[in-house]
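Asker: One structure, pasted below without further comment.
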Amino acid sequence: MSGVLAAPSVSAQQPEPPSNDTCQTCHAEPSMTRADGRPVVVPPDRFASSIHATLSCVDCHTDLAKTTDFPHPERLAPVSCAACHDEPAAGLARSVHGMLSGAAALQCTSCHGPPHEIRPSSDFQSRTHKLQIAETCAQCHSGLAGPGARRGPAVAPMFADSIHAVALERTTVAPTCTDCHRSHDILRKTDAKSPVHPPNIPATCGTCHANQHRLFSDSVHAQELAGGNPRAPQCASCHTAHRMAATASDQWQLSAVEQCGTCHREALATYRDSFHGQVTALGFTPVAKCADCHESHRVFRVSDVRSSVSPQNGLTTCRTCHPSATANFIQFQPHANKDDPERSPALYYAARVMNALLLGVFLFFGGHTLLWFARERLGPSDEGERRG
Amino acid sequence: MAEARYVRRFGRVERIQHLVLFVTFLGLAATGLPLLFSDAAWAPPLAQLFGGFGVTGTLHRLFAVGLIGVFLVHVASVTVRVVRGERGILWGPTSLVPQPRDIVELYRHVRWFLRRGPKPAFDRYTYWEKFDYLAVFWGMVIIGFSGLMLWFPELFARVLPGWVFNVALLVHGEEALLAVGFIVTIHFFNSHMRPHKFPMDMVMFTGVVPEEEYARERPLEYERLRATSALEARLAPPPDPDFVRRTRLGGFVAIAVGSILFLLIVFAVLSR
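In C-alpha cells:
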C-alpha cells in the first residue's frame, strides 16, 4: 500500500517519507511492545477495512514524515483530526462534550473508537452507524460511569424503551440520538442555539413530524412558546424527550392528562370531579381526555373560533362520542367547579345543600347513636326496660 | 318449660325485598365507590378486581336494574294494598308515615338515653325505623333518577339542560355517600349492633321475633294485637335453627362488606 496523498518531494535532499509497508515492518507484529510492555500493533486487516485505509501513516503522524531513524521515539506529536476534519473538530470543541474540563473532554476517538479502525458511518460495524449510535452514546449516558469515569445524564435506558428506538429496529428513518442533538456540536438545552432548546424543539421534531409541527405552530401553546413563556409546552413536554411512548398506549394518554394539569391545575381538578376524569383516574381511557376535546396540537383559546371547544365547534366535538348530543346537552360543563358560584351556580348550591344534608344527618344520628350506645352499654340492663 | 312463642313481624315478600335491597345496595356501592373515590389508592385495584372499567360499569347498571325492580315491586304492592282499602298504611299506629307521635317518642327516647325518664313505649314502627325506611325511599328516588340521567344523558338532554348532569353526578355521589355511611354507622347500629341487639337482629331474615321480646320492645302493638285477639293469627313457630345459622352467616358477610366499604371511604377521605 502506498501513500496516495503523499506530497511529491519538493527537494532532492528531502528523504522519502516512510511508506506504510515500512511502518508495518514493526506495527504489524503483535509481539512488538513499548518499553512499558504495551503492544504497538496496528492490526493490518482492521486498518485495511477502515475508512482511512487509503491514507499513509504519516498523513496523520506527520512528525514521522521526515524520520529515517527507526525505531522512532515512543512519544509522537498528537494526531490532529482537525487537519482534515476541521468542521466536526470545531463543532466538538464548542460542544458540551468538548468543553468538559481537562481530561474529561471528549476526543474524536471517544465516539469514533480506536483511530486505526474507524469505519465509514454507512458501515454497520461503525460506532457511528445509525444503528450503533445509541450504544455509543450509552457508554457515558447509561447511568454508569463510562470510559474515563465520565457519566452523562442517564438518558440511554429511557431511549432504549422509546417508540423511536423500537421503530429504529425496523427502519433507519426513525431517529437516534444525533438526529435531535446533532453529532459534533452538541449543546446544552439551555443554549439558545441547541436544537433541543425548548423553543427550537418543534422545528427539530418537525424535521420528521412535519404535519404535527404545522398544526402546532398555530396553537396558543406555540404562541406562548415563541413569546418566551418558559412554562409554555413544546413537543417534549407531553411526549417526553427520551422515553417517548406510543401515543396509542393507555399509559401515555393518562400521563398526558397529568401533564396538561401541571399548568392547567384548576382544569385538571374540575376534570377529576367529572365522570370523564374519574374514569381516567381509575386507569381507563375510553372516555374524554384533555386532547379528545381540546385537540392535541391545535389547541386554541375557547374564545378562538378555531378551537374545537369554541361555542361554534362544541357540539361537533361532543358528538364525536355522544352522537345524538343536542344544544341542551352541551350546556353540560365538563369543567364545572362546585366551589364557583359564578360559573356553576346550580352545582354550587346543590353541593352546599348536599353538604348540609350529610352533615345534618350524621351529626343528628351520630349523637343519637352515641347516646343510645352509652345508655345500653353503661346503664343497668333492666332499668328502664320496664316502663314507669 | 314451654317452647318460646314467636310473633310474625315481616312476611316472605318483605324479607325478600330486604334481601334483594341489601345485596344490590352493597353491589352498587362496591362498583360505584371506585369511581367516586377514583383518586384513592384502593380504587384502581378494586375496579380491576371487578374486571375493569367496562365490567364494573355493567355490574353497577345490573345491580341498579335489580334495585329499581325491587323498588317498583314495593311501590306497586303498597299501592295495591292502599287501593284495596287496607287501613293503617298511610296513617295511624301501624303506618310508616312520620307522625307527631314520632317527635314525642324521639324526645322521650333521648330523655331515656340521658336517664331523665322511662323508656318510651313503641308501636309497630319506631321513629328510627321510619327514618331508615324513608331515607332508603328518598335515596332510591334521588339516586335512581340521577343514575338514569347519567346512564342515558343524550335521552334526558332532549328535555333537560346540560348543567343538570353536573348536578346529577354530584347528587348521585353525595347521596350514595350518605346512604353507605348511614347504613353502616346508623342502621347497622340501631338495628343490629347495639348492645341489646348485638350482633344481629334476625327478625328481617326470619320474619319472626320471640313473643316476650316483642311484648317488651313493641308494647303498644303487642297490647293492641292482644286486645283485638289478632295475636293468635300472628303467632308463628320458632325459626328453623339451620335457616337461622345460614342467614346469620349471610348477614355477617353483608355487615362485613358494608363495613369494609365504609372503611375504604374513611381512608379515602382522610388521605385526600
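Here the protein sequences line up with chains A and B, keeping their order.
The opening residue of the first sequence carries number 0 in numbering that gives the first Met the number 0; numbering runs sequentially from there.
The opening residue of the second sequence carries number 0 in numbering that gives the first Met the number 0; numbering runs sequentially from there.
For glycine and all other residues, C-beta sits at the position ideal for the given N, C-alpha and C.
1. Please report the distance separating the alpha-carbon of valine 308 (chain A) from that of histidine 293 (chain A).
2. If you drop the 5 nearest sequence neighbours on each side, which residues of the same chain put their C-beta closer than 8 angstroms to that of serine 121 (chain A)?
3. Buried or exposed: which applies to proline 194 (chain A), given that a residue is buried once 16 or more other Cβ atoms fall within 10 Å of its Cβ?
4. Counting only beta-carbon atoms, is threonine 184 (chain B) nearer than 9 angstroms to chain A?
5. When we look at the beta-carbon of lysine 65 (chain A) and count the other beta-carbons within 10 Å, is it buried (16 or more) or exposed?
6. What residues are listed by DSSP as bridge partners for tyrosine 5 (chain B)?
7. With a 10 Å radius around its C-beta and 16 neighbouring C-beta atoms as the bar for buried, classify glycine 273 (chain B) as buried or exposed.
8. Taking the C-alpha atoms as reference points, what is the distance between alanine 226 (chain B) and alanine 39 (chain B)?
9. Buried or exposed: where does aspartate 68 (chain A) fall if 16 or more other Cβ atoms within 10 Å of its Cβ makes it buried?
10. For lysine 337 (chain A), which residues in chain E fall below 7 angstroms Cβ to Cβ?
11. Can you list the residues of chain A that glycine 180 (chain B) reaches, using a CB-CB cut of under 9 angstroms?
12. With a 10 Å radius around its C-beta and 16 neighbouring C-beta atoms as the bar for buried, classify tyrosine 124 (chain B) as buried or exposed.
13. Looking only at its chain, what residues have a beta carbon closer than 7 angstroms to the beta carbon of arginine 45 (chain A), apart from the 5 residues adjacent to it on each side?
14. Taking a cut of 9 angstroms between CB atoms, which residues from the stretch 95-112 of chain B lie near chain A?
15. Does any residue of chain B bring its CB to less than 9 angstroms from the CB of serine 121 (chain A)?
16. In three-state DSSP terms, what is proline 240 (chain B)?
17. Indicate the three-state DSSP secondary structure (helix, strand or coil) for threonine 24 (chain A) in the structure shown.
18. Does the beta-carbon distance from threonine 32 (chain A) to valine 41 (chain A) come in below 9 angstroms?
19. Looking at the structure shown, is threonine 32 (chain A) part of a helix, part of a strand, or coil, going by DSSP?
20. To the nearest angstrom, how far is the alpha carbon of arginine 244 (chain B) from that of alanine 345 (chain A)?
21. Hey, which unbroken runs of the alpha helix (DSSP H) at 4 residues or more fall wholly within the stretch 68-137 of chain B?
22. Determine, using beta-carbon pairs with one atom in the stretch 323-333 of chain A and one in the stretch 145-162 of chain B, whether at least three such pairs fall under 8 angstroms.
23. Nearest to leucine 234 (chain B) by alpha carbon, out of B:Arg14, B:Gly206, B:Met148 and B:Phe121?
24. Report, in whole angstroms, the separation of the C-beta atoms of isoleucine 200 (chain A) and glutamine 233 (chain A), which I expect to be a contact under 8 angstroms.
25. Measuring only the C-alpha atoms, how far is alanine 240 (chain A) from glutamine 106 (chain A)?
26. Would you decide whether serine 236 (chain A) is buried or exposed? Buried here means 16 or more other CB atoms lie within 10 Å of its CB.
27. Just to confirm before moving on: does the CB-CB distance between phenylalanine 70 (chain B) and glycine 143 (chain B) stay below 9 angstroms?
28. Express the C-alpha separation of isoleucine 162 (chain A) and leucine 176 (chain B) in angstroms, rounding to a whole number.
29. Quick test of the definition: if touching needs 3 or more C-beta pairs under 8 angstroms, does the stretch 42-49 of chain B touch the stretch 278-292 of chain A?
30. Who are the near neighbours of glutamate 384 (chain A) in its chain, counting only those whose CB is closer than 8 angstroms to its CB and skipping five residues on each side?
31. DSSP three-state call for proline 38 (chain A): helix, strand or coil?
Answerer: Concretely, from the data shown:
1. Position 309 of the first sequence, counting from 1, holds the residue named residue 308 (chain A). Position 294 of the first sequence, counting from 1, holds the residue named residue 293 (chain A). The straight-line gap from Cα to Cα measures roughly 6 angstroms.
2. Taking the first sequence and counting its residues from 1, one reaches residue 121 (chain A) at position 122. The residues are His128.
3. Within the first sequence, the letter at position 195 stands for residue 194 (chain A). Looking at its Cβ environment, which holds 16 or more other Cβ atoms inside 10 Å, proline 194 (chain A) is buried.
4. Here the question's residue 184 (chain B) lines up with position 185 in the second sequence. Yes, threonine 184 (chain B) counts as interfacial toward chain A.
5. Translated into positions along the first sequence, residue 65 (chain A) becomes position 66. By the C-beta density criterion, lysine 65 (chain A) is exposed, having fewer than 16 other C-beta atoms within 10 angstroms.
6. Position 6 of the second sequence, counted from the start, is the residue given in the question as residue 5 (chain B). According to DSSP, which records beta bridges pairwise, tyrosine 5 (chain B) is partnered with B:Pro209 and B:Ala235.
7. Nothing about residue 273 (chain B) can be reported from this structure: the residues present for chain B run from 0 to 271 only.
8. Against the second sequence, residue 226 (chain B) aligns to sequence position 227. Against the second sequence, residue 39 (chain B) aligns to sequence position 40. Taking the straight line joining both Cα atoms gives about 57 angstroms.
9. Taking the first residue of the first sequence as position 1, residue 68 (chain A) is located at position 69. Its Cβ having fewer than 16 others within 10 Å, aspartate 68 (chain A) is exposed.
10. Given the protein chain composition of this structure (A and B), no chain E is represented.
11. Within the second sequence, residue 180 (chain B) is the residue found at index 181, counting from 1. What glycine 180 (chain B) touches in chain A: Leu357, Val360 and Phe361.
12. Locating residue 124 (chain B) in the second sequence gives position 125, counting from the first residue. Buried, because 16 or more other Cβ atoms sit within 10 Å of the Cβ of tyrosine 124 (chain B).
13. Numbered from its first residue, the first sequence carries residue 45 (chain A) at position 46. Within the same chain, arginine 45 (chain A) has close Cβ partners His115 and Glu116.
14. Leu105, His108, Val109, Trp111 and Phe112
15. Residue 121 (chain A) sits at position 122 when you count from the first residue of the first sequence. Output row for serine 121 (chain A): interface = no.
16. Sequence index remark: in the second sequence, residue 240 (chain B) carries index 241 (1-based). In the structure shown, proline 240 (chain B) sits in a helix (DSSP, three-state: H, G or I).
17. Position 25 of the first sequence, counting from 1, holds the residue named residue 24 (chain A). Three-state result, threonine 24 (chain A): helix.
18. Indexing the first sequence from 1 puts residue 32 (chain A) at position 33. Indexing the first sequence from 1 puts residue 41 (chain A) at position 42. The answer is no: Cβ separation not under 9 angstroms.
19. Position 33 of the first sequence, counted from the first residue, corresponds to residue 32 (chain A). Three-state DSSP puts threonine 32 (chain A) in a strand.
20. To locate residue 244 (chain B), count along the second sequence from 1; it is residue 245. To locate residue 345 (chain A), count along the first sequence from 1; it is residue 346. Cα-Cα distance, rounded: 50 angstroms.
21. 99-112
22. Segments in contact, yes.
23. Here residue 234 (chain B) refers to the residue found at position 235 when the second sequence is read from its first residue. Checked all of B:Arg14, B:Gly206, B:Met148 and B:Phe121; the closest Cα to leucine 234 (chain B) is B:Gly206.
24. Your numbering for residue 200 (chain A) matches position 201 in the first sequence. Your numbering for residue 233 (chain A) matches position 234 in the first sequence. 4 angstroms between Cβ atoms; contact.
25. For this step, residue 240 (chain A) is matched to residue 241 along the first sequence. For this step, residue 106 (chain A) is matched to residue 107 along the first sequence. Answer to the nearest angstrom: the Cα atoms are 26 angstroms apart.
26. Counted from its first residue, the first sequence places residue 236 (chain A) at position 237. Result: buried.
27. Here residue 70 (chain B) is taken as the residue at index 71 of the second sequence, counted from 1. Here residue 143 (chain B) is taken as the residue at index 144 of the second sequence, counted from 1. Yes.
28. For the purposes of this step, residue 176 (chain B) is taken as the residue at position 177 of the second sequence. For the purposes of this step, residue 162 (chain A) is taken as the residue at position 163 of the first sequence. Going from the Cα of leucine 176 (chain B) to the Cα of isoleucine 162 (chain A) covers about 43 angstroms.
29. yes
30. Start at 1 with the first residue of the first sequence, and residue 384 (chain A) comes out as number 385. Because the pLDDT at glutamate 384 (chain A) is just 45, under 50, the model does not fix this residue reliably, and the value given afterwards should be weighed accordingly. Result list for glutamate 384 (chain A): empty, nothing under 8 angstroms.
31. Along the first sequence, read from residue 1 onward, the residue named residue 38 (chain A) stands at position 39. Strand at proline 38 (chain A).
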